[in-house]
Structures are given as structure tokens and as C-alpha cells.
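Below, the structure written as C-alpha cells:
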């Protein structure tokens with residue numbers, strides 16, 4: 122899978138155990154950090170079910186576990202998206 126800025130990804134448990142519920146993720150860039158084989162750092166925005174950014178994040182994931190999210194997952198009024206898009210409060 123070739124990743125480019127603007128890609129809409131579905132990041133779930135297949136990509137990393139930290140994602141117990143999948144999130145929609147709009148990619149800004151792939152970070153150039155040393156990692157384990159098959160793992161990458163991504164920078165981007167977590168999106169809600171309307172496609173609005175709710176949090177800027179850097180995530181460490183297995184590239185093979187990433188899925189391209191269909192555009193139909195966001196932006197349809199009255200339709201719930203099957204991903205978690207909670208705002209986090211600072212601790």
C-alpha cells in the first residue's frame with residue numbers, strides 16, 4: 122500500500138492493539154523515524170463521522186494492518202459511522 126497525504130485510513134486492531142475501536146484517520150504524512158520492520162509512524166487527524174478533525178495525532182502502526190476507508194464512511198447526514206471519534210480531554 123502506497124500512502125499519500127490526504128489518504129483516509131481506517132486504523133483498527135489489525136494495525137495496533139492500542140486501537141480497541143477503529144478510528145478514521147486523515148493522513149498528513151509518514152514520519153521518518155526508525156521503527157521495527159513493517160511498522161511506521163503516521164501523522165494526521167482523527168476524524169468524526171462527519172469527516173471533521175477532532176484531534177491531531179501521531180500513531181505507531183503496522184503498515185499491513187491499515188485499511189483504506191471508503192469515502193462513504195463520512196459525511197452522510199443522519200448516518201452513523203462505525204468508528205469511535207471521541208474527543209479527548211487533557212489529563
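Residue numbers (our numbering): 122 to 212. Just so you know, even glycine gets a beta-carbon here, dropped at the ideal spot from N, CA and C.
Based on DSSP bridge pairs, tell me the residues matched to residue i.
i           : result
residue 165 : 148 and 178
residue 134 : According to DSSP, which records beta bridges pairwise, residue 134 is partnered with nothing at all.
residue 183 : 160
residue 129 : 147
Just the C-alpha distance for residue i and residue j, rounded to the nearest angstrom, thanks.
i           : j           : result
residue 176 : residue 159 : 25 angstroms
residue 136 : residue 146 : 12 angstroms
residue 192 : residue 155 : 31 angstroms
residue 194 : residue 170 : 7 angstroms
Where does residue i land, buried or exposed, given buried means 16+ other C-beta within 10 angstroms?
i           : result
residue 143 : buried
residue 165 : buried
residue 139 : exposed
residue 132 : buried
Assign residue i to one of three DSSP states: helix, strand, or coil.
i           : result
residue 194 : helix
residue 188 : strand
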